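So the sequence lines, in the order shown, correspond to chains A and B. Per this note's numbering, the first sequence starts with residue 11, numbered consecutively. Per this note's numbering, the second sequence starts with residue 104, numbered consecutively. Glycine residues also receive a C-beta, built at the ideal position from the N, C-alpha and C atoms. Nothing here was measured: the structure is a model prediction, and the numbers come from that model. In what follows, a structure is listed as structure tokens, so that the remarks can point back to it.
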Amino acid sequence: MSDWDDTDFAILRMLSQDGRQSSSAIAAELGVSQPSVWRRIARLTEAGVLRGTRIVLDKERLGFGVTVFLGIKLATKGRVSLDDFERAVVSIPEVQTVEHVLGRYDYRLKVVARDIADFERILRRRVMTLPGAGDVEANVLLSEERLLGPL
Amino acid sequence: MLDDVDRRLLRYLQSDPDEPLSSLAERAGTTLAVASRRLSRMREGGIIRAQEAVIDWAALGYSVEVSLRIALDKTETNAFDQFEAEARKVPEVIELQTFLGRVDVRLSIIARDMQHYQRIYRDKILTLPFIADIEALMHVSRIKANEALPV
């Protein structure tokens, strides 16, 4: 943890707002030399802290009006059923994220849909039919923000 | 509004945001000039809202991630606003989402280890206003995380 100093955190902060910034633009903003920024980015990448970039699209304008989080409990447990479930769930195009969790549910899914009717179709045809899927809870997303965390 | 070329570009861009423009254009079946023009139009028009760095918190030393599902006391008129404003001040909160359903708010919390998590939970989370009920899901692993939209 002590591997990283304030300048590294400042670089991460800038890149998590705009991941396409050049190292010279970051250097100018932070008042450090460009080669130093470049070296730090290389080190953060090598350590696996920086894992490339992600594109954020305007969901509503692309026609995805509804986002739903699903908690899914598996009806049957065991290694085979986990593998089967995971293999099947990742191939559903409307499923954006899948997390394996411990607690009331086994998996947490983020699902996008055009509207509620479209969501119902995905839920019935794709999610309820997943191998081993048991209890499902749905919560419709109203707002979402990603914070900078401890940076 | 978007044609097939735009959609293909978005699809490939989402699957590999750091791919050079020339190979992106080739995969989308168009020229470099067209791809470059279309992408900058979608960036300016806000279809592509951002390109953010992906940070691996575990590699930064935060090995614990917990998802807290919270029900608020909705008899208080400003419960949502006040809760959100206070939750944003907790540095270990990396995601904040609001829902329609059994859960009102969900927070993603990161911590260095379980002891650190216990401290955050007691001192910074349980002290947030208007919590009626709280339930934790402990993050085990991420099976799918690209958040790509099926455009």
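- Under a criterion of Cβ atoms nearer than 9 Å, the residues of chain B adjacent to F79/A are, in order, Q200, F202, G204, V206, R209.
- Non-local beta-carbon contacts of G164/B in its own chain, meaning distances under 7 Å to residues more than five positions away in sequence, involve R215 in chain order.
- If the five residues before and after I126/A are omitted, its C-beta is found closer than 7 Å to the C-beta atoms of V76, all from its own chain and listed in chain order.
- By alpha-carbon distance to L171/B, the top candidate from N181/B, A162/B, Q200/B is Q200/B.
- Taken atom to atom, the span from the alpha-carbon of E129/B to that of R141/B is near 14 Å.
- Going by beta carbons, L112/A and R191/B fall outside the 9 Å limit.
- Listed in chain order, the beta strand (DSSP E) runs fully inside the region 79-121 of chain A are 105-112, counting runs of at least 3 residues.
- Looking at I237/B, P194/B, Y224/B, Q221/B, the one whose alpha-carbon comes closest to that of V208/B is I237/B.
- A direct Cα-Cα distance of roughly 15 Å separates D18/A from Q31/A.
- According to DSSP, M241/B shares a beta bridge with L112/A, V169/B.
- Annotation for V146/A: L80, G81, I82, K83, L133, V137, M138 place their beta carbon closer than 8 Å to its own, counting only its chain and skipping 5 residues before and after.
- For a cut-off of 8 Å, the C-beta gap from V108/A to I246/B is around 4 Å, short enough to register as a contact.
- In this structure, the straight-line span from the alpha carbon of V122/A to that of T55/A is close to 30 Å.
- Taking every protein chain shown into account, the CB of M104/B has fewer than 16 other CB atoms within 10 angstroms, so this residue is exposed.
- When C-alpha distances from R205/B are compared across W160/B, P253/B, D176/B, the shortest belongs to D176/B.
- For S32/A, the secondary structure class from DSSP, reduced to helix, strand or coil, is coil.
- Listed in chain order, the non-local C-beta contacts of G144/A below 7 Å within the same chain comprise K83, L84, A85, local neighbours out to five positions each way being set aside.
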